[in-house]
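Working notes for the structure below.
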Amino acid sequence: MQNRQECDVLVVGGGPAGSTIAALLAQKGRHVVVLERDRFPRFHIGESLLPLNLPLFERLGVLEQVKCIGVHKPGAEVVSDGHSHTAIFRFDQNPYLSVDHSYHVRRSDFDKLLLDNSRTLGATVLEETRVIDVELRAEGRSRVTACGRDKMASLWFPRFVVDASGRDTLLLKRLGLKKVDKRNNTAAVFGHFRNVSSTNGSAQGMITMHLFKHGWFWTIPLPDDVTSVGLVGTRSFFRTRTDDLDRFFARAVAASPGLSERMANAEPVSPLTATANYSYSSPRFSGDGYILIGDAAAFIDPLFSSGVMMAMSSATLAADVVHAWLDDRKAGERQMRAYERKLRRGLHSLSWLIYRINNTVLRDIFMASFDLFDTRNGLLAILAGDFYEAPGLMPPLRRLQLAYGFLYPLSKLGVRLPVTPKLRPTQL
Numbered sequence: 552m553q554n555r556q557e558c559d560v561l562v563v564g565g566g567p568a569g570s571t572i573a574a575l576l577a578q579k580g581r582h583v584v585v586l587e588r589d590r591f592p593r594f595h596i597g598e599s600l601l602p603l604n605l606p607l608f609e610r611l612g613v614l615e616q617v618k619c620i621g622v623h624k625p626g627a628e629v630v631s632d633g634h635s636h637t638a639i640f641r642f643d644q645n646p647y648l649s650v651d652h653s654y655h656v657r658r659s660d661f662d663k664l665l666l667d668n669s670r671t672l673g674a675t676v677l678e679e680t681r682v683i684d685v686e687l688r689a690e691g692r693s694r695v696t697a698c699g700r701d702k703m704a705s706l707w708f709p710r711f712v713v714d715a716s717g718r719d720t721l722l723l724k725r726l727g728l729k730k731v732d733k734r735n736n737t738a739a740v741f742g743h744f745r746n747v748s749s750t751n752g753s754a755q756g757m758i759t760m761h762l763f764k765h766g767w768f769w770t771i772p773l774p775d776d777v778t779s780v781g782l783v784g785t786r787s788f789f790r791t792r793t794d795d796l797d798r799f800f801a802r803a804v805a806a807s808p809g810l811s812e813r814m815a816n817a818e819p820v821s822p823l824t825a826t827a828n829y830s831y832s833s834p835r836f837s838g839d840g841y842i843l844i845g846d847a848a849a850f851i852d853p854l855f856s857s858g859v860m861m862a863m864s865s866a867t868l869a870a871d872v873v874h875a876w877l878d879d880r881k882a883g884e885r886q887m888r889a890y891e892r893k894l895r896r897g898l899h900s901l902s903w904l905i906y907r908i909n910n911t912v913l914r915d916i917f918m919a920s921f922d923l924f925d926t927r928n929g930l931l932a933i934l935a936g937d938f939y940e941a942p943g944l945m946p947p948l949r950r951l952q953l954a955y956g957f958l959y960p961l962s963k964l965g966v967r968l969p970v971t972p973k974l975r976p977t978q979l
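Everything in the sequence shown is counted per this note's numbering, starting at 552 for the first residue and increasing by one.
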């Protein structure tokens with residue numbers, strides 16, 4: 552026998568996007584139900600948060616809890632094998648930023664914290680419950696069929712559906728809206744390690760991005776002396792793999808001078824995981840009685856640790872849309888259009904950079920010894936999570952585009968920016 556229930560808002564997925572919008576709408580007095588297919592805590596990649604996440608944590612009332620489970624993150628370190636140099640970007644060096652740090656977290660702990668907080672604020676959360684069918688209705692309530700751990704089907708009739716299903720992209724697939732971006736088809740392999748040498752001095756606690764010819768590595772310090780290490784490379788690079796994943800990863804690390812030093816005594820504490828980072832988006836992110844947030848709307852690349860920030864910021868924007876739509880459909884539709892524009896602007900900023908991350912000119916800008924067109928503050932703003940707004944004299948992306956447009960034709964003549972003096976922090 553099917554269980555039939557109604558609610559104001561049904562959220563598919565309980566990750567950072569789903570738990571954030573559920574918490575915010577519950578705070579506004581809405582009857583919110585979250586259907587999450589897994590049982591938390593569960594493993595997830597994407598462990599480095601951005602400074603502009605912190606005001607969102609404060610709004611949700613979880614800032615102190617995040618601080619307790621996190622590792623202090625004062626900025627980002629960029630190491631370029633091609634330049635044999637290191638550039639350090641401290642968040643406190645940007646006068647336009649109101650927040651000067653962030654945190655690295657184990658996503659299993661962090662995601663559970665956010666989901667539990669949505670419960671505390673009044674949302675109903677059902678874990679181990681998989682959505683198996685969605686029938687969107689422009690008029691009246693949509694119909695959602697789910698299956699719980701008891702294998703019994705349940706029917707939900709929400710006034711509004713929020714897709715926070717992540718890379719499962721439930722509604723994008725059902726609506727035929729998912730558009731793969733072939734300009735950024737990368738793949739990744741990652742794992743957790745102990746005994747990875749950490750950096751001290753001004754780079755202590757920073758995420759490190761090691762740029763190499765075919766992509767980049769990340770190293771992220773986590774609690775309990777564990778380090779998350781991952782490789783993101785082009786599909787052509789991954790096609791050179793001729794043996795097992797462990798040997799392929801070890802060879803790639805050995806070929807990167809800066810990273811191989813830090814990994815000399817590393818011991819794995821989890822098996823390596825491989826995944827395709829196929830980028831995708833959609834011609835629209837909302838419609839009659841539904842909205843897409845986080846990775847359920849679009850996925851680009853983990854380069855700037857943008858995943859959690861995009862998830863939570865899009866959820867925050869969408870919460871206002873849904874709340875308005877439930878009270879006044881016309882007002883909600885106006886806010887939907889604004890949401891679409893803002894989200895697309897943020898995605899464009901990230902895409903522009905990611906399409907060019909393997910380009911010598913953009914890498915020169917990262918490593919440059921002087922600040923052309925205020926690009927350093929532009930990079931810092933994006934590394935801090937400012938994908939949407941325009942602090943200072945011009946938007947961060949525009950500063951980078953000016954510098955890139957100026958330098959690109961010069962690079963064809965053999966003219967390149969001088970890089971920073973060698974700055975490889977002392978290894979512990």
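Cβ atoms here follow ideal geometry from the backbone N, Cα and C, with glycine treated the same way.
In this structure, valine 912 lies away from tyrosine 890, with their beta-carbon atoms at least 8 Å apart.
Look at phenylalanine 744 here: in three-state DSSP terms it is strand. In the structure shown, the three-state DSSP call for threonine 826 is strand. Three or more beta-carbon pairs drawn from the segment 627-635 and the segment 801-818 are found closer than 8 Å, and the two stretches are therefore classed as touching. Within the DSSP bridge table, the entry for glutamate 557 names Phe708 as partners.
For the 8 Å CB-CB criterion, alanine 697 and threonine 680 form a contact. Your pair methionine 863 and leucine 607 checks out as a contact, with CB atoms roughly 5 Å apart and the cut at 8 Å.
For arginine 813, same chain residues with a beta-carbon under 6 Å away, outside a window of 5 residues either side, are Val747, Ser748 in chain order.
Uninterrupted alpha helix (DSSP H) stretches at least 4 residues long and entirely within the segment 663-746 occur at 721-726, given in chain order. By the criterion of a C-beta distance shorter than 6 Å, tryptophan 707 is surrounded in its chain by Gln556, Leu561, Val695, once the five residues flanking it on both sides are discounted. Per DSSP, threonine 926 is one residue of the alpha helix (DSSP H) stretching across 926-934. Annotation: serine 669 to arginine 792 spans about 43 Å, alpha carbon to alpha carbon. Taking 8 Å as the cut-off, the beta carbon of valine 740 is found closer than this to the beta carbon of glycine 781. Boundaries of the alpha helix (DSSP H) around phenylalanine 789: 786-789. Per DSSP, the continuous beta strand (DSSP E) segment holding phenylalanine 763 begins and ends at 758-763.
The C-alpha of arginine 688 lies about 9 Å from the C-alpha of arginine 710. Isoleucine 908 sits in coil when the DSSP states are folded into three classes, being neither helix nor strand. For glycine 612, no beta strand (DSSP E) segment is defined, and its DSSP state is neither H nor E. Between the beta-carbon of alanine 715 and that of glycine 569 there is about 3 Å, and that keeps the pair under the 8 Å contact cut. Following the DSSP letters along the chain, one finds leucine 877 inside the alpha helix (DSSP H) bounded by residues 858-878. When the Cα atoms are used, glycine 929 and leucine 951 turn out to be separated by approximately 7 Å. Annotation for glutamate 812: the continuous alpha helix (DSSP H) segment containing it runs 808-813. Per the coordinates, the alpha-carbon of arginine 896 lies some 10 Å from the alpha-carbon of leucine 948. Using a 10 angstroms sphere on the CB of glycine 566, the tally of other CB atoms reaches 16 or more, which defines it as buried. The beta-carbon distance between threonine 671 and valine 583, rounded to whole angstroms, is 13 Å. This is too long to meet the 8 Å contact definition. Between alanine 847 and leucine 722, the C-beta spacing is below 8 Å. Per DSSP, reduced to three states, the secondary structure at arginine 835 is coil, with no helix or strand assignment.
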